[in-house]
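As structure tokens, the structure follows; a few thoughts come after it.
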Amino acid sequence: MFGIDSSELAIIALVALLVIGPKDLPRVMRQVGQWLAKGRAMTRHVRAGFDTMMREAELEEMQKQWAAQNEAIMKATALPDLGAGLKNPLEDLSTDDWMTPLPTETPALPPPVAEEPPAPKPRRSRARPAADPDAPKPVRKRKPKADVTEPTP
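In this text, residue positions in the sequence shown follow our numbering: the first is -16, and each later residue adds one.
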């Protein structure tokens, strides 16, 4: 992490044990862990901010490139003005032609076709198959009742 070898880490732990003492060492280690967690969270937040700024700068560059390419494509594929010699067809219409109302009659619709309801599904029978009348009936075995004895005091 910081270039600390395992032997150096053992020496630091031994010095911390002697200086802080075994009683307060867990509390101090917990505080050091909390400080490290806060430091990592702060660096993660700063790094995310830089990444966002870099992404926005790259997007602006890409948008400029796309706009330039789009403009070049539009110039290369520009169509000649084909409508220069055409006249407007609405100029020939007199006011009487376009002000007459349209016919209001609508064609008659065919009558609706009555649909038959779907056929009901056949029901499955839950009846058991008929048993052989000559076959003996099965004998049910019952549990023997437990002997109930009064507990002795």
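Heads up, the beta-carbon is just placed ideally off N, CA and C, and yes, glycines get one too. Quantities reported herein were computed from a predicted structural model and do not represent experimental measurements.
- Separation of glutamate 43 and glycine -14 (C-alpha to C-alpha, rounded to the nearest whole angstrom) is 40 Å.
- For isoleucine 3, the secondary structure class from DSSP, reduced to helix, strand or coil, is helix.
- As the crow flies, the alpha-carbon of glutamate -9 is around 10 Å from that of leucine -3.
- Look at glycine -14 here: in three-state DSSP terms it is coil, with no helix or strand label.
- Take the alpha-carbon of proline 9 and the one of tryptophan 18: they are about 14 Å apart.
- The DSSP-derived three-state label of proline 103 is coil.
- In the three-state reduction of the DSSP assignment, leucine 62 falls in the coil class.
- A distance of 8 Å or more separates the beta carbons of isoleucine 3 and valine 15.
- In the three-state scheme derived from DSSP, where H, G and I count as helix and E and B as strand, alanine 97 is classed as coil.
- Assignment of threonine 35 by DSSP, reduced to helix, strand and coil, places it in the helix class.
- Short of 8 Å from the beta carbon of alanine -1, and not among the five residues preceding or following it, lie these beta carbons of its own chain, in chain order: Leu8, Val11.
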